[in-house]
Amino acid sequence: MFTIYNLFLTKTSVGKIMMGKPQIDNKEALILLKRRSAPDIETLLALLEESGGRSIAVYHPLAMIVMVPSDTLSKIASAPVIRDVFIEPVGSRRLSQASLDEKPILEAWNQFLKDKKVPHGPGSNRGLSWDTPGLLPPDGPPRGGDKKR
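For the sequence shown, my numbering assigns the number 128 to the initial residue and increments by one for each residue that follows.
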């Protein structure tokens, strides 16, 4: 087992390195939390770590976005600090029942999932080469013909 530190400098266990084993199917999930104290959240983070998952973002005290192995999602969802777990877009009925604090988080989750389904163009490192015929250099055409500046 090895440990990494994510961008927020929290300790996150990634799991054992197993050569020749199939990769575990991980799912991203939005977790709505019951309003609890920080030790309850720390207990949930420990449960995530034990199950091979990790937190991606924490919106304390309302919600978390996590990455967890599919087979442990139900175990995590049964934790007493969790109110709801979403792996699919949140329906309009649930959105209409959401509190003013929850609604922006649920809408952002829906937009996140929608954006993941839209095919994106090539990344910036897959564009045309700088010396492709017909393209101008980034600083514009050279002045004075072929003379070097």
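For every residue, glycine included, the Cβ atom is placed at its ideal position computed from N, Cα and C.
Best match in the options for proximity to residue i [C-alpha to C-alpha]
i: GLU169; options: VAL208, LEU262, VAL195; result: VAL208
i: GLU177; options: LEU160, ALA165, ILE203; result: ILE203
i: ASP242; options: PRO231, GLY261, LYS230, PRO216; result: PRO216
Beta-ladder partner(s) of residue i, from DSSP
i: ILE158; result: MET191, VAL212
i: VAL217; result: Looking at the DSSP assignment, VAL217 forms no beta bridge with any residue, so it has no partner.
i: VAL185; result: MET191
i: PRO196; result: ASN153
Distance between residue j and residue i (C-alpha atoms, nearest Å)
i: SER201; j: PHE213; result: 11 Å
i: LEU175; j: PRO265; result: 47 Å
i: SER256; j: PRO246; result: 23 Å
i: SER197; j: ASP152; result: 6 Å
i: VAL282; j: LYS244; result: Within the shown structure, residues of the chain are numbered from 128 to 276, placing residue 282 beyond reach of any answer.
i: MET128; j: ALA165; result: Its pLDDT being 37, under 50, MET128 is placed unreliably by the model, and nothing is read from it.
i: LEU189; j: SER226; result: 11 Å
i: SER211; j: ILE183; result: With the sequence shown as reference, residue 211 is identified as Asp, and Ser is not the correct amino acid for it. Straight-line Cα distance between these residues: approximately 17 Å.
i: GLU229; j: THR199; result: 25 Å
Burial state of residue i, where buried means 16 or more other Cβ atoms lie within 10 Å
i: ARG221; result: exposed
i: LEU263; result: exposed
i: GLU234; result: exposed
i: GLY180; result: buried
i: SER223; result: exposed
i: SER219; result: exposed
i: SER205; result: exposed
Taking one C-beta from the stretch 152-168 and one from the stretch 192-206 each time, how about it: are there three or more such pairs within less than 8 Å?
These segments touch.
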